[in-house]
Structures are given as C-alpha cells and as structure tokens.
Ligand SMILES: Nc1ncnc2c1ncn2[C@@H]1O[C@H](COP(=O)(O)OP(=O)(O)O)[C@@H](O)[C@H]1O
Ligand SMILES: [Mg+2]
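Numbering (our numbering), first residue to last: 464 to 705.
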C-alpha cells in the first residue's frame with residue numbers, strides 16, 4: 464500500500480516590519496504628527512493583510528513608506544528578495560528602484576496616463592519591459608482590459624480622454640498584468656462598478672494563489688473578505704508639541 468504523506472510547509476517570509484514609525488514635522492506649527500508609531504507585522508508568500516482605520520489614520524502613509532515614497536522616522540521593514548534580505552527603511556534609492564521594477568507593485572485609483580499612448584499599449588508595457596514579445600503582450604493586455612470592463616472600441620484610444628472610471632480600469636489592468644512578489648493596494652476600487660470590482664477580486668485571488676503577498680486598503684472591504692489572513696487597524700494620529 465502506498466501512503467502519501469504531505470508535510471505542510473510554511474510559506475516563505477516576504478516582509479517583516481519592526482517598530483516602523485513615521486512622523487511629519489510641522490515646523491510652522493512647531494508640532495510633530497505621528498502618522499503611525501511602532502508598527503510590527505510579518506507577511507508571508509500568498510498572504511493578504513487588510514489595513515483598516517478611519518480617514519487620516521495613516522493607512523496611505525504606511526503603504527507609501529513601504530514603497531519608500533516616504534522615509535520612515537524609525538524601525539525596519541525587512542524585505543526578503545530571492546537574493547537576500549534588504550531593509551526598505553534604509554536601502555539605497557537605486558536598490559529601491561530595482562525592487563519597484565521587479566518585485567514591489569503599488570496600486571492606487573489613479574492612472575498616470577502619458578499622452579498619445581493607446582490604452583492597450585499602456586497595459587502591455589510592464590510585460591514588454593519584462594521581455595514578452597509585443598504581439599503576445601498586446602493579446603494579454605486586451606484580455607485584461609476586457610476583464611475589467613473597458614469597452615473594445617477604447618482599447619486603441621488614449622486613456623487621457625477616458626472617464627475617471629475607465630482610467631481606473633486601465634490602471635488596474637496595467638498594475639496587475641505582471642505578477643509581483645509584494646503588492647501594495649491603496650483603495651484601488653474607490654469608485655468602480657461591481658463588475659470591475661469582481662474582476663479585481665478574481666485577479667487578486669489568482670495572484671494570492673500564485674504566492675503574491677498583499678497589503679491593501681479597500682473602500683469596500685466586504686469585497687475581499689475571502690482573501691484576508693490578517694487585519695491591521697491603525698489608530699488616529701497623535702500630535703505632540705515640539
Ligand atoms: N506629506 C505629508 N505631510 C504632512 N502630513 C501628512 C502628509 N501625508 C499625510 N499626512 C498626514 O498624515 C495623516 C495620515 O494620512 P493618510 O496616511 O493619508 O491617512 P489615511 O490613508 O489613513 O486616510 C493625516 O493626518 C495626514 O494629514
Ligand atoms: Mg488614504
């Protein structure tokens with residue numbers, strides 16, 4: 464008799480955040496605003512963290528700090544690359560640039576549309592930069608534009624002429640076409656219709672199954688209930704006199 468024994472394996476760590484703190488100095492008011500203070504968490508491959516908190520609680524600031532648009536005031540964010548561990552809190556800008564190209568994605572609701580570039584080219588670009596042939600990348604781009612509900616007549620048109628909702632769909636297709644290892648999502652669906660939100664959740668589910676780790680803030684958190692492994696609640700900011 465053959466007995467198959469499956470040994471459960473713990474997914475590999477992607478990010479370990481220790482004591483991460485961000486404050487904004489408001490010199491004109493002689494005050495310090497703590498956007499978040501002493502945050503700790505660990506995120507593994509295929510895990511999804513829902514970030515919660517009221518308006519102004521520091522959710523966007525935390526995501527931007529992990530993407531290193533902001534430098535933290537203190538603490539560490541150890542990111543595990545395939546080659547080794549790098550602290551996002553202190554890594555050199557050149558290393559951050561490489562990580563942003565290859566491993567860490569940031570998705571907002573805003574499309575940074577360049578003028579006179581067709582929607583399908585905008586969406587295909589990440590695949591092309593990663594070495595996929597143009598024709599193949601375009602096929603994939605059109606598939607994702609369709610999935611997010613961008614009408615076929617618009618695929619070859621310029622997104623700068625699109626409505627806000629249409630631009631958001633192009634943005635999502637572009638942001639999610641190429642799987643990254645870590646995805647930071649800042650209210651990507653804020654004003655999207657249900658079909659586009661469903662398409663997003665379907666894509667996030669696929670990405671999670673393939674091992675992509677995610678941290679996200681959602682305008683409709685009920686959409687992603689089935690994906691959540693951990694929740695982090697941020698509290699309103701503290702202000703101290705200097
Ligand atoms: N660049 C900045 N300079 C000064 N204060 C900022 C800056 N960015 C955000 N803040 C402040 O930090 C706090 C947290 O903002 P934010 O992270 O955008 O909150 P959330 O995304 O949870 O609504 C707010 O009080 C906001 O005004
Ligand atoms: Mg925000």
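No residue lacks a Cβ here, since even glycine has one placed at the ideal position from N, Cα and C.
On a predicted model such as this, the values are computed, not experimentally measured, just so you know.
Heavy atom of ligand 1 within 7 Å of residue i beta-carbon
i	result
residue 647	no
residue 487	yes
residue 602	no
residue 609	no
residue 520	yes
residue 492	no
residue 568	no
residue 529	no
residue 700	yes
residue 620	no
Check: residue i C-beta below 7 Å from any heavy atom of ligand 2
i	result
residue 523	yes
residue 633	no
residue 680	yes
CA-to-CA distance, residue j to residue i, given in whole angstroms
i	j	result
residue 684	residue 692	13 Å
residue 636	residue 494	41 Å
residue 426	residue 668	Residue 426 lies beyond the stretch modelled for the chain, which goes from 464 to 705, so this question has no answer here.
residue 580	residue 676	30 Å
residue 500	residue 618	44 Å
residue 601	residue 612	16 Å
residue 539	residue 616	47 Å
residue 588	residue 567	16 Å
residue 659	residue 610	8 Å
residue 690	residue 472	19 Å
residue 502	residue 481	6 Å
residue 695	residue 704	27 Å
residue 614	residue 662	14 Å
residue 577	residue 565	21 Å
residue 650	residue 527	13 Å
residue 605	residue 583	6 Å
residue 679	residue 646	8 Å
Exposed unless 16 or more other CB atoms sit within 10 angstroms - verdict on residue i
i	result
residue 557	exposed
residue 624	exposed
residue 548	exposed
residue 524	buried
residue 560	exposed
residue 594	exposed
residue 488	exposed
residue 529	buried
residue 517	exposed
residue 702	exposed
residue 514	buried
residue 492	exposed
Nearest-angstrom Cβ-Cβ length linking residue i and residue j, presumed shorter than 8 Å
i	j	result
residue 648	residue 628	Rounded, the Cβ-Cβ distance is 18 Å, inconsistent with contact.
residue 607	residue 586	6 Å
residue 541	residue 478	7 Å
residue 640	residue 590	6 Å
residue 536	residue 484	5 Å
residue 699	residue 519	7 Å
residue 509	residue 476	Residue 509 to residue 476, Cβ: 11 Å. No contact.
Near ligand 4: residue i beta-carbon under 7 Å from a heavy atom
i	result
residue 580	No copy of ligand 4 occurs in the structure displayed; its ligands are ligand 1 and ligand 2 alone.
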